[in-house]
Amino acid sequence: MSADAPGRAGGQAPEELRPILDAAGEQTERMLAETELRLARIAAPTELPGGAGELATRAGATLAAGGKRLRPLLVFLCGAGAADPPPAGEPLVAAACSVELIHMAALLHDDVLDRAPLRRGLPTVFATDGRDAAVSTGDHLFARAFGELAATGHAGAVQTLSIASSALVRGELMQRADAWSADVVVARYLERCELKTASLFETACRLGALLGAPGPGAADRLGSFGRQIGLAFQILDDVLDLAGAPGQTGKRRGTDLLDGTVTLPLIYAREESTELAALDLRSVTTPEQAESVCATVAETAAFERATALALELVADAKRGAASMDLDRIEVLDLVADSVVARVS
Ligand code: FPP
Ligand code: MG
9 MSADAPGRAG GQAPEELRPI LDAAGEQTER MLAETELRLA RIAAPTELPG GAGELATRAG
69 ATLAAGGKRL RPLLVFLCGA GAADPPPAGE PLVAAACSVE LIHMAALLHD DVLDRAPLRR
129 GLPTVFATDG RDAAVSTGDH LFARAFGELA ATGHAGAVQT LSIASSALVR GELMQRADAW
189 SADVVVARYL ERCELKTASL FETACRLGAL LGAPGPGAAD RLGSFGRQIG LAFQILDDVL
249 DLAGAPGQTG KRRGTDLLDG TVTLPLIYAR EESTELAALD LRSVTTPEQA ESVCATVAET
309 AAFERATALA LELVADAKRG AASMDLDRIE VLDLVADSVV ARVS
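Spelled out as structure tokens, the structure:
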């Protein structure tokens, strides 16, 4: 997959989010801007004796490299509830920073496991500075995420983030265990995606509820909204990995094949194509071979079927949100739609 968009020059939100931000209103945009500043400060802590040195430099560069900040946006939108104007943001900004930091930490570690040369169109820390640098930068961001959330004094919020972080690790382990396997079924794939991706979307929404206007009573239902759109997000990512244009995703097509990651479009395509069903996934070792498999997958209905499932999840998420008393339901709808409408 290609988690998030290439580039975030000067802390600007990606243009494709503009309609959502316009609909969300000025306060949300201010809180996102505050999140950006806070992330930069968190990456380079001054309270550490001697500072964080190269960790701070690499963490800062990672945070500046891009991302749609979808998870922070979900914290703010879910935290707003029916309040108009939305509640002042200190704990919500802390929560937004914490989920984004966990996301970044996970990507840094993921790039080590994937031996990835590029992320968001830029060289990864793994590629430029090596494994130890990438792992330790991820560890740094992971630690800072919990420090930030703990400062809110909300033990339940910290517990929620901790559960999601463990889920991410379990999902990643499942993915490694499934590598190059011909036996990965749809249910197993979905379970893995719930753990490695949807859990953090769910947590963003839960934290919004816990620390914002809706309160703990809304956490399960908002969490469910986040889980469903998170799952749809991952499915779309996996479609884009096999179908997407490198200029848009920031990566070559077929990187999941080279990693041995068996994703939904590949599972569907193997159901349809005898050629793909017979393929030993370990034999795909070059970008050219991966490209050729992508072309064969594109001849099946796999991309359409996987996208249809993502769309169903989004529709279900929107139905669930519509049943809640939320002031800015239309903005949540836009976010839900955006996870399946993107090209990177
Ligand atoms: C990117 O997805 C990776 C993840 C969503 C999760 C990675 C999790 C870990 C490495 C476990 C460590 C977790 C923490 C909290 C430090 P992908 O691999 O589908 O996307 P890609 O194509 O961008 O690599
Ligand atoms: Mg990966």
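Throughout the sequence shown, residue numbering follows our numbering, covering 9 to 352 in sequence. Glycine is no exception: its CB is placed at the ideal position from the N, C-alpha and C atoms.
Of the heavy atoms belonging to the ligand MG, none sits nearer than 7 Å to the Cβ of Asp335.
As the crow flies, the alpha-carbon of Gly129 is around 24 Å from that of Leu272. Relative to the ligand FPP, even the nearest heavy atom lies 7 Å or more away from the CB of Asp186.
For Leu215, the enclosing alpha helix (DSSP H) has its first and last residue at Ser207 to Leu219. Of Gly33, Arg26, Pro22 and Glu24, the smallest CA-CA separation from Arg336 is found for Gly33. In the structure shown, Gly262 falls within a coil segment according to DSSP collapsed to helix, strand and coil. Collapsing the DSSP output to three states places Gly33 in coil.
In its chain, beyond the 5 residues on either side, Leu47, Ile50, Leu149, Phe150, Arg152, Ala153 and Glu156 have a beta carbon closer than 8 Å to the beta carbon of Leu109.
Relative to the ligand FPP, the beta carbon of Ala240 is positioned no closer than 7 Å to any heavy atom. With a cut-off of 7 Å, the C-beta of Asp137 is classified as distant from the ligand FPP, since no heavy atom of the ligand falls inside that distance. Cβ-Cβ distances below 7 Å link Arg66 to Val133, Asp137, Ala141 and Thr145 in the same chain, with the five nearest sequence neighbours on each side left out; the list follows chain order. By the neighbour-count criterion, in which 16 or more other beta carbons inside 10 Å mark a residue as buried, Pro22 falls on the buried side. At a threshold of 7 Å, Phe134 does not count as near the ligand FPP, since its beta carbon sits no closer than that to any of the ligand's heavy atoms.
Judged by the Cβ position, Asp118 qualifies as a neighbour of the ligand MG at the 7 Å threshold, a heavy atom of the ligand being closer than this. Residue Ser232 holds the alpha-carbon nearest to the alpha-carbon of Thr211 among Gly223, Ser232 and Val194. For Ile110, the Cβ falls inside the 7 Å cut-off from some heavy atom of the ligand FPP. Between the C-alpha atoms of Ala165 and Gly61 there is a straight-line separation of about 30 Å. With a cut-off of 8 Å on Cβ pairs, the stretch 296-313 is not in contact with the stretch 329-346, counting fewer than three such pairs. Scanning its chain for C-beta atoms nearer than 7 Å, with the 5 sequence neighbours on each side dropped, one finds around Val83 the residues Leu100, Ala103, Ala104, Val107, Ala212, Leu215 and Gly216, in chain order.
Sequence-distant partners of Gln242 (beyond 5 residues in either direction) whose C-beta falls short of 8 Å from its own C-beta, in its chain, are Met9, Cys201, Lys204, Thr205 and Ala206. Leu115 sits away from Lys76, with the two beta carbons spaced by 8 Å or more. Using a C-beta cut-off of 8 Å, the stretch 303-321 makes contact with the stretch 272-285, since at least three inter-stretch Cβ pairs fall below that distance.
Judged by DSSP in its simplified three-state form, Pro273 adopts helix. If you compare the alpha carbons of Gly87, Ala69, Ala41 and Glu44 with that of Gly223, the shortest gap goes to Gly87. Taking the Cβ of Gly146 as the reference point, at least one heavy atom of the ligand FPP falls within a distance shorter than 7 Å.
Nearest to Gly328 by alpha-carbon distance, out of Cys302, Ala175, Ala318 and Ile237, is Ile237. Secondary structure at Leu126: strand, using DSSP grouped into helix, strand and coil. The C-beta of Gly225 has fewer than 16 other C-beta atoms within 10 Å across all chains shown, which makes the residue exposed. Straight-line measurement puts the Cα of Ala187 at about 5 Å from the Cα of Gly268.
Between the beta-carbon of Ala318 and that of Val348 there is about 5 Å, and that keeps the pair under the 8 Å contact cut. When DSSP states are grouped into helix, strand and coil, Pro131 belongs to the strand group. Here the alpha carbon of Val193 sits roughly 18 Å from the alpha carbon of Glu283. Residue pairing of Gly146 in beta bridges, as defined by DSSP: absent, with no partner found.
In terms of Cα proximity to Arg79, the closest of Ser173, His111 and Asp345 is His111.
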